[in-house]
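What follows is a short report on a single structure.
Protein chains: 2
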Amino acid sequence: MFESAELGHEIDKAAFREREPRLREELLDAQFDLREQAKFPVIILVGGVAGAGASEIINLLHEWLDSRFLSTQTFSAPTDEERDRPYLWRFWRVLPPKGRIGIFADSWYTEPLGQALARKISAADLDQRLDQINRFEAMLVNEEALVLKFWFHLSRQGQRQRLAALEKDPRTAWRVTKDDWRQHKRYDRLQELAGHVLRLTNTPWAPWVVVDGSDDRYRMLQVSSVLLGALLRRLADPQDQNFPVAPPMVPNIDQLDVLTALDLTQKRTREDYEAQLAKWQGRLGELVRQDRFRRRALILAFEGQDAAGKGGAIRRVTAALDPRQYQVVPVAAPTEEERAQPYLWRFWRYIPRKGRLTLFDRTWYGRVLVERVEGLCGEADWLRAYAEINDFEHELHQDGVILVKFWLQISQEEQLRRFQEREQVPFKRFKITAEDWRNREKWDLYHQAVCDLVDRTSTGGAPWTLVEAEDKYFARVKILRTICQRLEDAL
Amino acid sequence: MFESAELGHEIDKAAFREREPRLREELLDAQFDLREQAKFPVIILVGGVAGAGASEIINLLHEWLDSRFLSTQTFSAPTDEERDRPYLWRFWRVLPPKGRIGIFADSWYTEPLGQALARKISAADLDQRLDQINRFEAMLVNEEALVLKFWFHLSRQGQRQRLAALEKDPRTAWRVTKDDWRQHKRYDRLQELAGHVLRLTNTPWAPWVVVDGSDDRYRMLQVSSVLLGALLRRLADPQDQNFPVAPPMVPNIDQLDVLTALDLTQKRTREDYEAQLAKWQGRLGELVRQDRFRRRALILAFEGQDAAGKGGAIRRVTAALDPRQYQVVPVAAPTEEERAQPYLWRFWRYIPRKGRLTLFDRTWYGRVLVERVEGLCGEADWLRAYAEINDFEHELHQDGVILVKFWLQISQEEQLRRFQEREQVPFKRFKITAEDWRNREKWDLYHQAVCDLVDRTSTGGAPWTLVEAEDKYFARVKILRTICQRLEDAL
């Protein structure tokens with residue numbers, strides 16, 4: 384895998400001087416077009432063996448490019464903020480927006496590779512992490528990112544010579560650490576691991592480029608020409624980044640589905656409702672104050688038709704909670720900042736820390752509901768969203784987040800009744816808009832979208848609860864009881 | 384994931400009778416066209432919970448289709464033949480050829496799912512196996528197969544009722560085993576695992592279809608319509624099955640490469656050669672007779688230019704071996720039977736059992752050498768072959784096979800000298816053909832293909848050894864020594 388990068392490629396000074404000015408100019412031009420178009424972000428990962436020149440390349444790019452639109456991320460031990468959330472959260476926070484370049488000096492590869500090198504995780508664990516990384520990168524690329532991954536290589540002997548040379552020169556001696564020499568001792572094991580990692584993550588959408596790190600000028604020319612070539616190709620051709628996606632899993636040949644199967648006639652009397660409400664609110668308050676909850680977090684996701692009673696249900700839940708412990712996130716059209724990022728970015732922002740709750744009033748399922756039905760995104764986009772959402776929820780689940788998802792279902796007649804009531808009652812009038820009436824016309828399309836969503840995203844770790852919401856009392860009690868039961872099972 | 388398949392879908396007798404004759408006729412027609420075209424095989428996987436009707440569906444398909452061109456595979460405990468080879472070997476042996484349908488009542492999912500259910504493997508191990516399965520299925524589909532995966536589902540209550548009903552009827556009682564009831568007790572765990580497995584393996588190229596198993600007629604109609612639809616789509620549209628592939632990893636910006644870096648002037652005297660040859664042949668003979676070798680197997684792969692000396696080198700190796708222990712496989716154009724199978728099938732046939740050796744005179748690298756250079760396959764085909772070959776070799780390596788790969792390199796002048804010698808020496812004349820002269824004209828294209836092959840397929844478990852073969856004595860000793868060293872390291 385590294386054979387060609389061990390041959391001692393060299394570029395002499397004169398040849399380099401000749402090519403440098405032109406290359407720098409072209410790179411700057413390409414970066415300018417990238418900013419102007421602002422259609423995709425560039426994510427550059429830089430890894431490799433110690434001494435192979437990764438940091439020189441980062442310095443070079445900052446020197447050659449307009450560094451106002453370029454950022455470099457390094458990650459040392461996770462902060463407590465980061466430790467309290469799933470592994471990928473720290474990378475989501477610093478993804479470059481469209482039009483910018485983000486260099487990752489450490490990346491999502493650093494920790495799994497380091498742990499495998501130190502034999503802290505098994506081969507199977509490593510492969511599981513790599514599979515997660517492949518899915519994450521596929522999502523980034525489908526969401527328009529240009530992902531470039533460079534691996535800087537030196538032969539064992541080349542590394543020894545390089546580290547020795549750096550140490551000898553007083554200007555660079557500080558750059559060689561004990562860790563570097565320790566890594567040199569484990570050279571063979573790192574090579575074997577790196578070969579495995581590169582093989583499994585050299586995907587069509589985010590391929591690796593192996594760079595011979597032995598000669599400064601060769602390395603600089605190679606990286607900058609690869610970067611320039613990739614930028615120019617992408618700027619010239621706003622290609623469709625979408626890969627094929629899997630179709631729905633449960634083809635239906637009759638009229639029976641999960642929504643029509645619901646019994647919407649279920650009801651509670653006011654008296655019964657008030658007693659049950661008090662009981663489950665009390666229980667919920669106890670549960671989230673338990674010590675065991677401090678190592679977990681809770682996300683409540685509310686979806687449902689217009690006027691199905693999401694807001695009222697959310698208020699009945701928060702009534703049981705300490706306002707310092709929770710956050711309610713109403714989801715509407717994305718902001719400008721959010722539109723410059725992958726779709727799921729705006730939800731990652733609100734992932735609660737351990738011991739906390741977030742309630743989402745509408746959620747990441749917008750992609751496979753309103754965006755699908757209204758044609759706000761392409762078919763391939765919402766089809767692949769099922770897998771991306773499952774991955775997202777799996778990451779939360781693996782990190783100990785308890786995720787409870789509700790779909791509130793009412794009949795078409797009940798919705799009409801509630802719309803009319805809203806129009807007549809002055810303090811409810813703000814709740815009904817022309818858009819609500821328009822959505823109503825697409826009832827059947829939404830119906831199908833909800834059935835698909837349940838089939839494809841109700842998973843062991845993150846099941847859907849369908850709530851018969853024709854009667855608000857019945858719905859609210861079911862919601863509170865479900866939250867308590869899920870918490871009891873999980874804690 | 385299984386919500387829609389728990390609703391108790393039903394088709395009444397009259398409706399079924401009405402649709403049955405037409406569906407059967409169309410299925411038979413489609414099967415006929417499949418046979419006539421003989422362009423792709425159909426692989427149907429059938430899995431699910433006990434009692435959900437998988438075996439009824441298999442019977443139905445055998446009844447409705449022409450069963451001469453249909454085979455059903457079940458796998459119980461592996462035979463000793465199978466245990467002696469990598470896991471996937473037992474499936475490779477029974478893949479249906481193009482134009483035929485193969486039903487897998489057990490499949491590559493059975494063992495990982497069973498082991499995970501019995502908690503014999505960790506979650507990470509399971510995910511690693513699933514990743515291997517995804518790669519295997521992608522290869523099958525890229526090699527033209529139509530892969531359909533059905534999961535038959537029943538609710539917990541539905542399963543209990545069904546097993547009880549089967550037991551009650553004397554004609555079906557035998558079909559309910561203790562294992563089925565044992566599985567029923569672990570219903571929830573199986574569901575959670577199945578949900579996970581289906582989520583991770585529901586790929587665009589080989590998606591799952593979840594089938595409500597509660598009603599016989601509904602189940603039959605659903606499976607047969609999905610099968611018919613998929614067959615008709617594929618017959619009508621010989622689509623390009625190729626997915627995007629990763630480009631070469633080490634872009635080169637100068638003239639230095641792994642082949643030009645070789646020192647072809649290295650030589651041995653005849654005397655030295657004979658002493659060395661005797662020494663390493665003796666050592667090799669000892670090594671493969673060691674007890675530890677009985678749990679391993681050895682594959683020697685020989686590639687090189689025409690007249691580079693592969694045959695001579697192979698004879699020097701086999702001279703050290705017991706003919707009952709090894710097999711030499713000369714690789715030429717594929718046979719008709721081999722052309723009806725995925726590319727790697729004809730190499731899987733010759734994987735040695737534990738304690739044995741196979742020597743390949745030319746190998747699976749033909750795809751990225753002659754087929755690439757001569758345009759015998761598409762660019763996407765040879766590009767994806769690197770990853771498929773790496774997966775293949777990784778499976779061998781994981782199973783304990785020691786794989787030693789040689790590229791024998793000579794100069795263009797030396798090749799000319801040997802060609803001319805072959806034409807002049809009567810007993811060597813059969814070795815030189817018009818094709819050899821033609822290949823020689825494509826020297827530079829082969830050169831590039833070899834450099835790419837080394838970069839992309841020299842892995843930790845299966846490294847390439849480049850052999851300077853200008854001097855035959857030097858080459859043969861290097862080959863024998865390398866084999867001995869690799870064996871010593873591995874044993």
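Those protein sequences? They're chains A and B, same order as listed.
Mind the numbering: the first sequence is residues 384 to 874 in my numbering, read in order.
Mind the numbering: the second sequence is residues 384 to 874 in my numbering, read in order.
Ideal Cβ positions, reconstructed from N, Cα and C, are used throughout, including at glycine.
Here's a check: name, in chain order, each residue in its chain whose Cβ is nearer than 8 Å to the Cβ of residue i, leaving out the five neighbours to either side.
i, result
"residue 670 of chain B", "676, 867, 870, 871 and 874"
"residue 387 of chain A", "593 and 595"
"residue 413 of chain A", "611, 614, 615 and 618"
Go to residue i, then tell me how far its beta strand (DSSP E) extends in each direction, as first and last residue.
i, result
"residue 426 of chain B", "425-431"
"residue 923 of chain A", "An answer regarding residue 923 of chain A cannot be provided, because it is not within the stretch 384 to 874 covered by chain A."
"residue 592 of chain A", "591-595"
"residue 742 of chain A", "740-744"
Leaving out the 5 sequence neighbours to the left and right, which residues in its chain are closer than 7 Å to residue i when beta-carbon positions are compared?
i, result
"residue 393 of chain B", "598 and 601"
"residue 402 of chain B", "604"
"residue 570 of chain B", "539 and 542"
"residue 755 of chain A", "765 and 832"
In chain B, which residues lie with their C-beta within 7 Å of the C-beta of residue i?
i, result
"residue 575 of chain A", "843"
"residue 582 of chain A", "773 and 842"
"residue 505 of chain A", "507"
Just to confirm my understanding: we take residue i, look at its own chain, exclude 5 residues before and 5 after, and list those with CB closer than 6 Å. What are they?
i, result
"residue 436 of chain A", "535, 596 and 602"
"residue 723 of chain B", "480 and 481"
"residue 848 of chain B", "789 and 865"
"residue 406 of chain A", "607"
"residue 499 of chain B", "509 and 576"
Considering residue i, what are the terminal residues of the alpha helix (DSSP H) in which it resides?
i, result
"residue 808 of chain B", "It is not in any alpha helix (DSSP H) - residue 808 of chain B carries neither H nor E in the DSSP assignment."
"residue 535 of chain B", "Taken as a continuous stretch (DSSP letters only), residue 535 of chain B belongs to no alpha helix (DSSP H), being part of the beta strand (DSSP E) at 529-536."
"residue 454 of chain B", "No alpha helix (DSSP H) contains residue 454 of chain B, which is instead part of the beta strand (DSSP E) from 453-456."
"residue 599 of chain A", "599-619"
"residue 400 of chain A", "396-420"
"residue 584 of chain B", "570-584"
"residue 635 of chain B", "Per DSSP, residue 635 of chain B belongs to no alpha helix (DSSP H) and is neither H nor E."
"residue 440 of chain A", "437-447"
"residue 546 of chain A", "539-551"
"residue 467 of chain B", "Note, residue 467 of chain B: premise wrong, no alpha helix (DSSP H); not H, not E."
"residue 753 of chain A", "753-756"
Interface residues of chain B around residue i at Cβ under 8 Å?
i, result
"residue 872 of chain A", "Those do not exist, as residue 872 of chain A stays about 12 Å from chain B at its closest Cβ, beyond 8 Å."
"residue 644 of chain A", "390"
"residue 834 of chain A", "387"
Can you pull the chain A residues whose beta carbon is under 7 Å from the beta carbon of residue i, in chain order?
i, result
"residue 386 of chain B", "641, 837, 838 and 841"
"residue 578 of chain B", "842 and 843"
"residue 514 of chain B", "510 and 514"
So residue i contacts chain B; which residues on that side make the cut at Cβ distance below 9 Å?
i, result
"residue 619 of chain A", "Near residue 619 of chain A there are no residues of chain B at all, since even the closest Cβ is about 17 Å away, more than 9 Å."
In this structure, what does DSSP give as the bridge partners for residue i?
i, result
"residue 784 of chain B", "B:680"
"residue 647 of chain A", "BP columns for residue 647 of chain A are empty, so no partner."
"residue 790 of chain B", "B:686 and B:849"
Does at least one heavy atom of the ligand MG sit under 6 Å from the Cβ of residue i?
i, result
"residue 473 of chain A", "In the structure shown, the ligand MG is absent, as is every other ligand, since no ligand is present at all."
Query raised in the report: Which runs of the beta strand (DSSP E) fall wholly inside the region 666-729 of chain B and span at least 3 residues, in chain order?
Result: 680-687 and 709-713
Requested in this report: Starting from the N-terminal side, write out each stretch of the beta strand (DSSP E) that is 3 residues or longer and does not extend beyond the region 815-864 of chain A.
Outcome: 847-851
Report task. Report the residue ranges of all alpha helix (DSSP H) runs contained in full by the region 475-524 of chain B; include only those spanning at least 4 residues, in chain order. Result -> 493-500
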